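Sequence order for the protein chains is P and C. Read in order, the letters of the first sequence correspond to residues 1 to 166 in the working numbering. Read in order, the letters of the second sequence correspond to residues 167 to 284 in the working numbering.
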Amino acid sequence: MNIIQILFWFLSVVAIFSALMVITSKNPVYSVLWLIVTFFAISGHYILLNAQFLAIVNIIVYAGAIMVLFLFVIMLMNLNKETEPQKNRWLKMAGAVAGGCLLLVFVAALKGAGLKDQEAMVNEGDIGLIKNLGKELFTTYVVPFEISSILFLSAMVGAVVIGKKE
Amino acid sequence: MEKKNNMPINNYILLSIALFCIGIVGVLTRRNAIIIFMCIELMLNAVNLLLVAFSKMHARAALLAGDVNGTAGTDGQLFVFFIMVVAAAEVSVGLAIIVMMYRNIHSVDVNFLNRLKH
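In structure tokens form, the structure reads like this:
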């Protein structure tokens, strides 16, 4: 058990535990904070896989921008534990059973997938560095990149139109 | 290539499955629209992690097959980048819709969103 494996299991446990806390916290603000912990653990996984660009983008875009937006909306609506709507116990249990069945199906499908001898390269390989990704992004994928700017523009216009008072 | 720098892909697949199913359970069991939205983000991130792991697996397979150029697997990571772009746009519109819903019915409970049923 070397340092990479220890880091992998540590980050996995942190990610799964904080994801469970996201869906079990009564207070929405705590859910947001636990989701930020999950995103940091996933960024740690990206660094372990030597995908540094995606790790930084994940922290900046998700933990930085998107989660702050969530937190801002929750604070704006002044939600707290007392006003938090809850489903009844049987519906919750049914949801958990359905999710567990999906987990079972996925794991059973994985057993038959024949990926036993495949391994991911950890802590080496330079395809995740910003130089290689940028070269590919601005040559092969330059058209989707420009189209995504139009997507952002339309999302911005849409958010303003939806959010403005009539 | 020495053995110690590789991680079985099954570990990553199992981790992503676990995160994805936690997201599914969250969507099914919560009534707060914002928490449901956050669980969707969690599922997106589980899939992103799996895509990055598969891209590294692909890179290793290409390296073992003798590709010294080493650009195999880049497209997987760019796909993750585009997923993040689309997710950011989706969050801005989705939160605007939730704010509008709160302004109209003074709640973020998804059970009140049944106007199409009646």
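Note that beta-carbon positions come from the ideal geometry of N, C-alpha and C, so glycine has one too. For clarity, every value in this text was computed on a predicted model and none was experimentally measured.
Asked	Found
Could you spell out the range, first to last residue, of the alpha helix (DSSP H) harbouring P/ALA120?	That residue, P/ALA120, is in no alpha helix (DSSP H); its beta strand (DSSP E) goes 119 to 121.
How would you list, in chain order, the residues of chain P whose beta-carbon sits under 8 Å from the beta-carbon of C/PRO261?	Reading off the sequence, residue 261 of chain C comes out as Leu, not Pro. Residues of chain P passing the Cβ test: LEU69, PHE70, VAL73 and ALA159.
Would you mind reading off the limits of the beta strand (DSSP E) that contains P/ASN50?	Note, P/ASN50: premise wrong, no beta strand (DSSP E); not H, not E.
Going by DSSP, name the residue or residues bridged to P/PRO28.	DSSP, once it has assigned bridges, lists no residue as partnering P/PRO28.
Closest to P/ASN78 by CA distance: which of C/GLY242, C/ILE200, C/MET204 and C/ALA227 is it?	C/ILE200
Which residues share a DSSP beta bridge with C/ASP275?	C/ASN198
I need the DSSP call for C/ASN172, collapsed to helix, strand or coil.	strand
According to the neighbour-count rule (16 or more other Cβ atoms, all chains shown, within 10 Å of its Cβ), is C/HIS224 buried or exposed?	buried
Spatial neighbours of C/GLY192 within its chain, please: CB distance less than 6 Å, with the 5 preceding and 5 following residues excluded, ordered by chain position.	CYS205
Run down chain P in chain order and give the residues with a C-beta less than 8 Å from the C-beta of C/GLY192.	VAL22 and ILE23
Among the candidates P/ALA96, P/PHE106 and P/ILE36, whose CA atom is the shortest distance from the CA of C/THR195?	P/ALA96
Find the residues of chain C that neighbour P/ILE162, judging by a C-beta separation of less than 9 Å, and give them in chain order.	VAL259, ALA262, ILE263, VAL265 and MET266
Give the residues of chain C in contact with P/LEU7, contact being defined as C-beta atoms less than 7 Å apart.	Per Cβ cutoff of 7 Å: no residues; P/LEU7 is ~10 Å from chain C at best.
How long is the line joining the alpha carbons of P/LEU11 and P/ASN58, rounded to whole angstroms?	15 Å
Is there a C-beta anywhere in chain P that falls below 9 Å from the one on C/ARG281?	no
Output, in sequence order along the chain, the residues in the segment 44 to 71 of chain P whose CB is closer than 9 Å to any CB in chain C.	HIS45, TYR46, LEU48, LEU49, ASN50, ALA51, PHE53, LEU54, VAL57, ASN58, VAL61, TYR62, ALA65, ILE66, MET67, LEU69 and PHE70
Would you say P/GLU124 and C/ASN171 are within 9 Å of each other, going by their C-beta atoms?	yes
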